[in-house]
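Taken in order, these protein sequences are the chains called A and B.
Taking the UniProt record's numbering, I'd label the letters of the first sequence as residues 1 to 509.
Taking the UniProt record's numbering, I'd label the letters of the second sequence as residues 1 to 419.
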Amino acid sequence: MTDHILRMSGITKTFPGVKALQDVTLSVRRGEIHAICGENGAGKSTLMKVLSGVYPHGTYEGEITFEGEKCAFGSIRDSEHAGIVIIHQELALSPQLSIAENIFLGNERAKRGLIDWNRTNFEAAQLMERVGLRENPTTVVTDIGVGKQQLVEIAKALSKEVKLLILDEPTAALNDDDSAHLLDLLRGLRESGITCVIISHKLNEVIAIADSVTIIRDGRTIETLDMAGDGVSEDRIISGMVGRALDSRFPPHQPTIGEEALRIEDWTVYSPSQPGRKVVDGASLNVRRGEIVGLAGLMGAGRTELAMSVFGRTYGVHISGKIFKNGRPVEIRSVQDAIKHGLAYATEDRKRYGLNLIEDIKRNISAAGLSGLSRRGFVDEHEEYRVAEGFHKSMNIKAPSVSSVVGKLSGGNQQKVVLSKWILTEPDVLILDEPTRGIDVGAKYEIYTIINRLADEGKAVLVISSELPELLGLCDRVYALCEGRITGELPREEATQERLMHLMTKGQE
Amino acid sequence: MSSITPAEVKVGAKGGPEGPRRPGQVSLGGLSLNLRASGIYIAFALIVALFWVLTDGALLQPQNISNIIVQNSYVLILAIGMILVIIAGHIDLSVGSVVAVTGALAAVLMVNMGLPWPLALLITVVAGGLIGAWQGYWIAYFGIPAFIVTLAGMLLFRALTMTVLGNQGIGPFPDQVRTLANGFTSGYLGNIGLGPLGGADLFSLLIGVTAIAGMVASQWRSRAARAGYGQVVEPMAMFVLKMAAGAGLILFLVVQLARFNNLPWVLVLLAILVLAYSLMANRTVFGRQIYAIGGNLQAAVMSGVKVKKVVFWIFVNMGVLSAIAGIIFAGRLNQAGPTAGNSFELDAIAAAFIGGAAVQGGVGKVVGALTGGLIMAVINNGMSLIGSPSERVMLVKGAVLLAAVAFDVWTKRRAGAAG
Chain A
1 MTDHILRMSG ITKTFPGVKA LQDVTLSVRR GEIHAICGEN GAGKSTLMKV LSGVYPHGTY
61 EGEITFEGEK CAFGSIRDSE HAGIVIIHQE LALSPQLSIA ENIFLGNERA KRGLIDWNRT
121 NFEAAQLMER VGLRENPTTV VTDIGVGKQQ LVEIAKALSK EVKLLILDEP TAALNDDDSA
181 HLLDLLRGLR ESGITCVIIS HKLNEVIAIA DSVTIIRDGR TIETLDMAGD GVSEDRIISG
241 MVGRALDSRF PPHQPTIGEE ALRIEDWTVY SPSQPGRKVV DGASLNVRRG EIVGLAGLMG
301 AGRTELAMSV FGRTYGVHIS GKIFKNGRPV EIRSVQDAIK HGLAYATEDR KRYGLNLIED
361 IKRNISAAGL SGLSRRGFVD EHEEYRVAEG FHKSMNIKAP SVSSVVGKLS GGNQQKVVLS
421 KWILTEPDVL ILDEPTRGID VGAKYEIYTI INRLADEGKA VLVISSELPE LLGLCDRVYA
481 LCEGRITGEL PREEATQERL MHLMTKGQE
Chain B
1 MSSITPAEVK VGAKGGPEGP RRPGQVSLGG LSLNLRASGI YIAFALIVAL FWVLTDGALL
61 QPQNISNIIV QNSYVLILAI GMILVIIAGH IDLSVGSVVA VTGALAAVLM VNMGLPWPLA
121 LLITVVAGGL IGAWQGYWIA YFGIPAFIVT LAGMLLFRAL TMTVLGNQGI GPFPDQVRTL
181 ANGFTSGYLG NIGLGPLGGA DLFSLLIGVT AIAGMVASQW RSRAARAGYG QVVEPMAMFV
241 LKMAAGAGLI LFLVVQLARF NNLPWVLVLL AILVLAYSLM ANRTVFGRQI YAIGGNLQAA
301 VMSGVKVKKV VFWIFVNMGV LSAIAGIIFA GRLNQAGPTA GNSFELDAIA AAFIGGAAVQ
361 GGVGKVVGAL TGGLIMAVIN NGMSLIGSPS ERVMLVKGAV LLAAVAFDVW TKRRAGAAG
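This is the structure:
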């Protein structure tokens with residue numbers, strides 16, 4: 001008989017009006033890496049919150065057996081005590097504390113109420129060695145990159161003598177190098193007997209690392225696949241997640257390319273936090289009407305910084321270079337200028353830069369185009385409603401009405417609200433930064449369809465994405481960015497993942 | 001405008017059940033009620049009812065209603081400005097001192113320098129705006145947190161008050177200013193008999209009836225327009241009920257006041273301010289931008305909102321309203337004193353939070369702040385009518401403030417848990 005470290009059975013969790021989980025079953029074998037896959041809103045995170053005691057025992061139905069014992073966790077503390085540690089997508093580190101302090105936060109190495117700093121730093125160094133983090137334990141966490149912060153989280157988990165480590169989208173914010181390192185680390189942990197559960201949208205990683213995969217859809221367990229036996233492919237997992245075979249991840253598109261809409265020449269931007277560091281270095285690119293152009297680059301290559309500095313200088317200092325709109329040079333010194341010149345920028349971080357989460361759909365849609373909906377300073381609320389209702393239907397935003405609060409929507413629907421907001425400003429050029437980040441497979445297809453439609457209407461679209469298949473499937477032309485410099489440009493026919501990756505890493509050879 | 005049609009975007013991916021009923025929402029036979037939004041009005045009604053019973057009806061006697069309004073008008077005016085500051089995610093601790101310094105300025109201009117009162121009032125209001133501009137500059141353009149700038153302002157303008165006044169009160173004010181602060185509209189049209197209620201001022205009654213007609217007409221038009229645009233409107237019965245309740249309330253207030261001593265001028269002023277600022281907050285681009293900034297500052301920046309400019313003008317506005325409150329307070333006491341406006345900032349802030357403003361900003365209503373201010377006013381007045389000592393009044397006000405914010409946080413947490 002297989003040795004299961006964790007069995008969750010018949011888990012049902014209800015929120016007012018919604019059944020988030022319905023009779024979910026999850027069995028995790030000791031010492032394996034178990035992936036959980038599902039669309040956004042399928043219930044993965046809710047399930048993990050039930051397991052880790054965020055939703056205490058009694059607020060859900062069903063049974064959890066861990067290490068052969070029935071569990072009734074009343075809080076995260078209880079589950080951590082049992083050896084279950086969860087690392088959330090948004091890291092929970094205290095930015096101004098050192099690595100060592102963060103590792104032992106809430107679990108301080110103290111003697112008679114006073115912290116033993118030597119022991120703290122010594123033990124931190126040992127844990128850091130174990131996760132392959134080469135930094136000084138006293139370094140402040142803000143000074144290290146996201147990839148390393150992730151390692152600090154894992155070191156923190158190890159300090160608690162973890163038996164079951166849960167990682168929610170651990171590589172979502174990491175570049176390929178850091179991701180690869182993290183996956184290696186997980187393999188190492190597996191060898192040392194730690195069981196891991198990872199929630200991931202990146203199916204190639206799931207294939208690479210997981211021993212078994214449980215697929216959840218609409219709050220129910222669909223199936224658990226054994227990766228060793230079944231020869232599971234990405235498409236196999238996707239069809240389980242969406243409940244149907246996906247013929248194509250990208251809608252077909254025949255571009256009609258017109259005149260040049262936007263050209264950037266010799267664009268250089270310096271970092272506001274590290275004086276003298278060029279974040280964007282002499283970049284030149286152009287986008288034509290009806291064309292979808294991709295911008296590929298690893299994390300830290302300067303993609304978002306390039307876009308934001310162009311969009312009204314919202315990032316960077318000592319910006320130099322020229323912007324041409326429809327062939328004529330323009331000065332864009334503020335977001336207002338950018339909007340006036342027909343530019344739109346949909347951010348990679350919807351929740352931080354894109355949406356007012358406590359406000360409803362219609363007011364979010366009108367946020368950037370309010371002047372077009374108002375006369376003499378007064379907003380025409382009926383027109384605003386009509387416009388919002390139009391987007392509600394045309395963008396297929398899944399919400400009961402345009403008065404629904406945006407914070408309650410799923411990632412895909414929030415992204416549709418962001419796109420609606422910018423379409424309302426009637427831009428000629430749309431810069432879409434990670435338009436499908438954190439969005440489930442079905443909604444991605446919808447977003448791609450919308451992007452194609454925008455191009456067909458004669459708009460120029462610049463898409464920034466970390467996912468190379470996305471750029472290859474969507475774009476007519478792709479630029480590669482490496483360490484702030486444009487290192488190459490490939491038309492659709494010539495672009496391959498290998499060639500792009502080569503260009504994106506040029507500076508590192 | 002884009003012309004993406006539904007046919008183009010058709011994908012079978014099924015989303016989860018979207019849009020669960022909002023928590024804190026109670027359904028009563030088809031009429032749903034958002035507790036978080038309307039809790040404050042229910043609380044107000046309950047508090048009024050409670051003190052009405054406790055004071056054997058004295059609370060709602062004509063003269064007492066008039067007292068409540070006149071005695072609290074300056075805090076209510078401050079609360080209107082404060083709610084905008086708080087919605088934008090800031091705070092203003094200086095308004096009490098600004099009330100004092102503008103009152104002192106008005107006194108010096110009118111009493112010591114003998115300027116005509118309309119000119120003196122104009123200069124005072126402009127001075128209030130300049131004080132707001134001073135603070136708005138440091139907050140919006142220099143980037144110092146409002147808490148610090150206005151804490152400094154609280155000390156600076158108190159010091160300035162004492163300097164201007166030479167540590168003594170200045171008065172008396174011209175009659176016109178006193179009338180504005182403390183007086184009543186004259187009985188332009190004489191009295192009318194109201195049967196068992198006795199005589200009442202016809203002019204006041206006419207104003208009340210006009211107000212009711214205006215309210216019903218504008219609400220009806222808005223409802224019809226919304227229905228015309230295919231929006232969901234409340235059922236007719238609910239609409240009639242709401243209008244009847246609103247009309248009844250205004251009628252009751254006006255009849256009581258007309259029976260006593262006509263309408264207080266400050267009530268007229270307050271009504272105008274509340275209407276104008278509600279309209280500003282809900283309907284203008286500027287008002288929308290205040291909510292956008294408070295809801296998500298960075299998203300507002302990235303949507304092209306001129307955040308610095310908006311914040312600057314919010315503080316200018318706060319300065320102007322503080323000056324108006326300063327004039328009315330000084331006029332009511334018939335003297336500008338060095339301790340005028342002490343702790344008014346706390347009353348105004350409390351009114352805004354009791355009235356449903358969120359601590360993080362982005363949420364709040366002008367009418368809510370007014371109701372919050374009235375809740376405190378009724379508690380003050382009612383408790384003093386039943387002879388409670390002032391320490392007990394303070395205790396109750398503190399508890400109400402804490403409870404109101406706790407309720408807000410609680411409903412938000414429940415909303416978060418369901419999301």
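Where is the CB? At the ideal position from N, CA and C, for every residue including glycine.
For A:G438, the closest alpha carbon among the candidates A:E457, A:K416, A:G412, A:V463 is that of A:G412. Between A:T46 and A:L21, the CB-CB gap stays under 7 angstroms. Excluding the 5 residues flanking it on each side, B:T371 has same chain C-beta neighbours closer than 7 angstroms at I40, Y41, F44, G355, in chain order.
For A:L164, the enclosing beta strand (DSSP E) begins and ends at 164-168. With contacts defined by Cβ atoms closer than 7 angstroms, A:G53 and A:S79 form a contacting pair. Assigned with DSSP and collapsed to three states, A:R328 falls in strand. Put simply, the stretch 291-304 of chain A does not touch the stretch 324-333 of chain A. Fewer than three CB pairs are less than 8 angstroms apart.
For B:Q219, no chain A residue has a C-beta closer than 7 angstroms to its own C-beta; the minimum C-beta separation is roughly 14 angstroms. Taking a C-beta cut-off of 8 angstroms against chain A, the contacting residues of the stretch 298-311 of chain B are Q298, A299, A300, V301, M302, S303, G304, V305, K306, listed in chain order. For the pair A:G276 and A:V152, the Cα-to-Cα distance works out to about 29 angstroms. Going by C-alpha positions, A:E489 is about 9 angstroms away from A:A495. Under the DSSP definition of a beta bridge, A:E69 partners with A:F66. By the rule that beta-carbons nearer than 7 angstroms mark a contact, B:A276 does not touch chain A.
Counting along the chain, A:Y345 sits inside the beta strand (DSSP E) bounded by residues 343-346. Under the DSSP assignment, A:P469 falls in the alpha helix (DSSP H) whose first and last residues are 468-474. Residues of the same chain with a CB within less than 6 angstroms of the CB of A:E259, apart from the 5 flanking positions on each side, are R289 in chain order.
The Cβ of B:Y141 sits no closer than 7 angstroms to any Cβ of chain A. Nearest Cα to B:L121 within the set B:A330, B:S384, B:V378, B:N381: B:A330. Restricting attention to B:F286, B:M243, B:L273, the CA atom closest to the CA of A:R375 is found in B:F286. Ranked by how close their Cα comes to the Cα of A:I365, the residues A:V330, A:H341, A:Q414 have A:Q414 in first place. Taking 3 residues as the shortest admissible run, the stretch 115-182 of chain A contains the following complete beta strand (DSSP E) segments, listed from N- to C-terminal end: 164-168.
Measuring C-alpha to C-alpha distances from B:A377 to each of B:L46, B:R283, B:G57, B:N67 identifies B:N67 as the nearest. A direct Cα-Cα distance of roughly 38 angstroms separates B:N112 from B:K308. For A:L432, the uninterrupted beta strand (DSSP E) segment begins and ends at 429-433. Annotated as distal: B:P264 and B:F203, with beta-carbon spacing of 7 angstroms or more. A Cβ-Cβ distance of about 7 angstroms is found for the pair B:V75 and B:A351, placing them in contact under the 8 angstroms criterion. Under the 7 angstroms criterion on CB atoms, B:G362 is classed as interfacial with respect to chain A.
Interface residue (Cβ-Cβ distance to chain A less than 7 angstroms): B:R392 is not classified as such.
Interface criterion not met: the Cβ of A:Q497 is under 7 angstroms from no Cβ in chain B. With respect to the 7 angstroms criterion, B:F147 and B:S97 are not classified as neighbours on the basis of their beta carbons. Sequence-ordered contacts of the stretch 278-289 of chain B with chain A read R283, T284, V285, F286, R288 [C-beta pairs closer than 7 angstroms].
Close partners of A:Y385 in chain B (Cβ separation under 9 angstroms): R226, Y229, G230, Q231. Selection B:A237, B:G304, B:V177 evaluated against B:I324 yields B:V177 as nearest (Cα-Cα). Close partners of B:G295 in chain A (Cβ separation under 8 angstroms): N356, L357, I358, E359. Between the alpha carbons of B:A200 and B:M383 lies a gap of roughly 28 angstroms. Under DSSP, A:L21 forms a beta bridge with A:K13.
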